[in-house]
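Q: Encoded as structure tokens, here's the structure I'll be asking about.
Residue numbers (my numbering): 1185 to 1569.
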């Protein structure tokens, strides 16, 4: 029921109103991840991130607030947590992500109550915010970023930026350290430039070549260990490795990587016929795991499902993604890409897209921040309004 699932349900009703479309989503309120870093940085309310499903239901989509517990791909049937059975001709799965508990030694659900991940928006978002508020000036904040792939590639670095903006304003003797399992990340030159300009030495980033890969944590004594160093932060934001939601594995659409291989043009599972997988769970190769990408995939998937049900051939097309990040209040950057389906993957179109210019001035950065806000208002209105 997020930017992939709810979008696809609405689009199916739009392109094929004769279809019976059912959206299964356990929560009655959706809490959006995009812009949730502003909540952590104290510039936005969590309520501004929350949306209900009345707008979806108003389009004629049947919305069932239950959990999908099991899928029988042979019988083409979904079993809900109250044992209701739903038959389908085509099933679209948008199971999102699941955190890989234990992938980092010591990091489990209980540890997340002391070292929040805040990578699934809601209670974890507000927990991290409260920890920052209660931290005394002069404390150390550590953010750990996982190896790719994971939800929202530039997300950890936008989060670092907005936390740094809060610290600079409210707790200027504090420091922020990023321990990264990679040496490169999305929009790295733009982030580094912005950090130097806005925060000086408040933010320090260390990559894999610096020995910064997180190996173990101890939540009881607030300890983070790499293979070479030990850190004792005041606040620790541990973003662990991820995989597709558990229902994907139960349905047999996830492979050994934990993610879901697809036929690019239709997003039909490579492992199970008549099931399509969109959003963060899908292996879309060059396309990042972003809300923009999920929404784009949802629209195309809906068109293809409607055509397949009508006995028509899928359409051939390209998709786009634009990802905005805030480096500070009124300071935005972006990257855009165009993608085309190949035989087994989505590939970037050479020469298309691009990133914000490094030499841009304050006016351009301000406009990009405004574009980011406009994009979020638009997509949430389209999906939930």
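Glycine is no exception: its CB is placed at the ideal position from the N, C-alpha and C atoms.
Hey, how far is the Cα of residue 1459 from the Cα of residue 1322?
A: 52 Å
Q: In whole angstroms, what separates the C-alpha of residue 1395 from that of residue 1364?
A: 9 Å
Q: So, is residue 1393 buried or exposed, given that buried needs 16 or more other C-beta atoms within 10 angstroms?
A: Residue burial annotation: residue 1393 is exposed, with fewer than 16 other C-beta atoms found within 10 angstroms of its C-beta.
Q: Could you give the residue range of the alpha helix (DSSP H) that holds residue 1368?
A: Note, residue 1368: premise wrong, no alpha helix (DSSP H); not H, not E.
Q: Contact between the region 1506-1524 and the region 1464-1474: three or more CB pairs below 8 Å?
A: yes
Q: Can you name the start and end residues of the beta strand (DSSP E) that residue 1339 belongs to?
A: Element bounds for residue 1339: not the beta strand (DSSP E) but the alpha helix (DSSP H), 1339-1354.
Q: Could you give the C-beta distance for residue 1319 and residue 1420, rounded to a whole number, given that I count them as a contact under 8 Å?
A: That pair is no contact at about 11 Å.
Q: How many angstroms separate the CA atom of residue 1376 from the CA atom of residue 1387?
A: Each residue's alpha carbon lies about 9 Å from the other.
Q: Does the contact criterion of 3 or more C-beta pairs under 8 Å hold for the region 1333-1351 versus the region 1504-1519?
A: Result yes; three or more Cβ-Cβ pairs closer than 8 Å.
Q: Which partner residues of residue 1525 appear in the DSSP bridge assignment?
A: 1530
Q: Just to confirm, is the Cβ distance from residue 1252 to residue 1185 under 9 Å?
A: no
Q: State whether the region 1474-1494 contacts the region 1264-1280, with contact taken as three or more CB pairs (one from each stretch) at a distance under 8 Å.
A: yes
Q: Which residues does DSSP pair with residue 1421 in a beta bridge?
A: DSSP lists 1327 as the beta-bridge partner residues of residue 1421.
Q: From the DSSP output, in three-state form, read off residue 1449 for me.
A: coil
Q: Which of the three DSSP states is assigned to residue 1467 in this structure?
A: coil
Q: Return the CA-CA distance between residue 1399 and residue 1289, expressed in angstroms with no decimal places.
A: Rounded to whole angstroms, the gap between the alpha carbons of residue 1399 and residue 1289 is 6 Å.
Q: Residue 1397 and residue 1411 look like a contact to me (Cβ under 8 Å); what is the Cβ gap, rounded to whole Å?
A: Indeed, because the Cβ distance is near 7 Å, the residues count as touching under 8 Å.
Q: Judging by CA-CA distance, which residue of 1342, 1243, 1559, 1529 is the nearest neighbour of residue 1370?
A: 1342
Q: Grouping DSSP H, G and I as helix and E and B as strand, with all else coil, what is residue 1547?
A: helix
Q: Is the region 1291-1298 touching the region 1199-1211 in the sense that three or more CB pairs, one from each, lie closer than 8 Å?
A: no
Q: Are the CB atoms of residue 1463 and residue 1188 nearer to each other than 9 Å?
A: yes
Q: Sorted by chain position, which residues of the same chain lie with C-beta nearer than 6 Å to residue 1449's C-beta, five sequence neighbours on each side aside?
A: 1498, 1525
Q: Report back the beta-carbon spacing between residue 1550 and residue 1350 to the nearest angstrom; my notes put them in contact at under 8 Å.
A: Separation of the CB atoms of residue 1550 and residue 1350 is rounded to 20 Å, and the pair is thereby denied contact status at 8 Å.
Q: Can you tell which of 1546, 1529, 1495, 1503 has its C-alpha closest to the C-alpha of residue 1514?
A: 1546
Q: Using the Cα positions of residue 1285 and residue 1454, report the straight-line distance between them to the nearest angstrom.
A: 26 Å
Q: Closest by CA to residue 1347, which one among 1554, 1327, 1508, 1305?
A: 1327
Q: Check residue 1485 in the structure and name its three-state DSSP category.
A: helix
Q: Just to confirm, is the Cβ distance from residue 1424 to residue 1283 under 9 Å?
A: yes
Q: Taking C-alpha atoms, which residue in 1212, 1263, 1232 lies nearest to residue 1241?
A: 1212
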